[in-house]
Structure formats: structure tokens, C-alpha cells
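Participant: 25 is the number that this note's numbering gives to position 35 of the sequence shown; each next residue is one higher, with no gaps. Can you read through this structure? Questions will come right after.
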Amino acid sequence: MDVRSVARFVEDPEDQQMAHRLYTLVFPMDSQNSRVLLGMKKRGFGRDKLNGFGGKVEARETIANGAARELAEESGLDAKSIKQCGLLLFYFENDPVAMEVHVFLVHEYEGTITETDEMRPEWFGIHAMPFKSMWADDSLWWPYVLKGQKFVGQFWFKADQVTITREHLRAVDSLDFA
């Protein structure tokens, strides 16, 4: 398992046996107007879904640096401060690799929002999220974001990547597991 992984601190022993891949998910916030920037995924995993910005963490970068890099690549925004708010673990039926997703909020950023080959950015009200166009788990953990609570969630999906067969979600005091 990647030494940067924290899954071992929250998973059952059987899930710890799976290979894990580190990912980031970043949500630029416009607090003044109660908005969040989402992107319509145009290709690859999650195509045709609205989501935050993110992707795989590269071998020689920290998770937070990976989050900032992905935000810049997919939206044109440079994070001036980035704060982790959650940890999500995804297990897909018939997939031997679990996804360990570190969720971040960005309240300070600069740059010009730009559509890329991968994402088409669009602002949405934080209390009017387009959950029908998002991943099935998003509506379950987004209330933690709105309350300013840190959270850890585990979601088991069928192979269809739509149906959640099991979930475990809770607020935590800290995301510092070391």
C-alpha cells in the first residue's frame, strides 16, 4: 500500500487487503455568493457526471499538492489555500483496486476558470446541488461540508457504478491519522 495512504486507519481488515489508489477531489467555493464550482466530466471515469476537480496523486507529490495540480489542470484555477475536509473510500464490485479519495475545499484561488478537454466548469448554489447529475454518494456526504464537519465515508458500489450496496459515513474530529 502507498505509504501516503491513510485507509488502514479507517478500514476493516478485509478491505485493507485490497490494493488502493490515491485520488483527490477539490471543490472551489465562492462563499460570498454561496456557490461551488463543479465540472461536467467530458471523458474517462465518471464521464457525463458533475463532480469536483481532481484525479490521481502522482508518485512524488503530496496529496495536497496533487489536489492543487489537478485543480489547475482541470479548471485553470490556482489554489492559494487548500483545506482537506473529508476522506472517501470507494469499492467497486469486480474491481480489485479501492479508490482512496481525499476531499478538499478551496476558498482562495486565482486564475481564469477555463473549460478543458476533461472538464466543463459551472457554478452551482451550495444548497441547490445537482445531485441527479452527480455520483450517488455525493448527496450523503455533502451535508457534512455544509456544516463544516470533517468526515470519513466508505461506499461499496455495484459494477454499474450507480448502485450503492453498503455505506459507512461519519463525522470525525480530525483527518490527521498519523
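We put the CB at the ideal spot given by N, CA and C, even for glycine.
Note down the Cα distance separating Gly56 from Ala118, rounded to an integer number of angstroms.
Facilitator: What you label residue 56 is simply residue 66 of the sequence shown in a count that begins at 1. What you label residue 118 is simply residue 128 of the sequence shown in a count that begins at 1. Between Gly56 and Ala118, the C-alpha separation is close to 28 angstroms.
Participant: Just to confirm, is the Cβ distance from Ile53 to Arg11 under 9 angstroms?
Facilitator: On the sequence shown, position 63 is the one that residue 53 refers to. On the sequence shown, position 21 is the one that residue 11 refers to. Contact: no.
Participant: By DSSP, does Pro133 sit in helix, in strand, or in coil?
Facilitator: Here the question's residue 133 lines up with position 143 in the sequence shown. If DSSP states are grouped into helix, strand and coil, Pro133 belongs with the helices.
Participant: List, from N- to C-terminal side, the alpha helix (DSSP H) runs of 4 residues or more that fit wholly inside the stretch -9 to 50.
Facilitator: For the stretch -9 to 50, whole alpha helix (DSSP H) runs of length 4 or above, ordered along the chain, are 3 to 6.
Participant: Under a Cβ-count criterion, where at least 16 other Cβ atoms within 10 Å of its own Cβ denotes burial, should Val152 be classed as buried or exposed?
Facilitator: As a working note, residue 152 is residue 162 in the sequence shown. Exposed: under 16 other Cβ atoms inside 10 Å.
Participant: Which value, in whole angstroms, describes the spacing of the CA atoms of Ala49 and Ser123?
Facilitator: Position 59 of the sequence shown, counted from the first residue, corresponds to residue 49. Position 133 of the sequence shown, counted from the first residue, corresponds to residue 123. Computed Cα separation, rounded: 31 angstroms.
Participant: Should the stretch 25 to 39 be called in touch with the stretch 0 to 14, which here means at least 3 C-beta pairs below 8 angstroms?
Facilitator: They do not touch, by the three-pair rule.
Participant: If the criterion is Cβ atoms closer than 9 angstroms, does the pair Gly42 and Val93 meet it?
Facilitator: Locating residue 42 in the sequence shown gives position 52, where the first residue counts as 1. Locating residue 93 in the sequence shown gives position 103, where the first residue counts as 1. Yes.
Participant: State the CB to CB distance for the pair Tyr13 and Met109, rounded to an integer number of angstroms; the pair is presumed to be in contact (CB under 8 angstroms).
Facilitator: Counted from its first residue, the sequence shown places residue 13 at position 23. Counted from its first residue, the sequence shown places residue 109 at position 119. Contact doesn't hold; Cβ gap of about 15 angstroms is too wide.
Participant: May I ask which residues mark the beginning and end of the alpha helix (DSSP H) holding Gly56?
Facilitator: Along the sequence shown, one-based indexing puts residue 56 at 66. 53 to 65 is the extent of the alpha helix (DSSP H) around Gly56.
Participant: Let me know if Ser65 comes out buried or exposed under the rule of 16 or more other beta-carbons within 10 Å of its beta-carbon.
Facilitator: Here residue 65 corresponds to residue number 75 of the sequence shown, with the count starting at 1. Buried, because 16 or more other Cβ atoms sit within 10 Å of the Cβ of Ser65.
Participant: What does the alpha-carbon distance come out to for the pair Glu60 and Thr106?
Facilitator: By 1-based counting over the sequence shown, the position of residue 60 is 70. By 1-based counting over the sequence shown, the position of residue 106 is 116. Cα-Cα distance, rounded: 12 angstroms.
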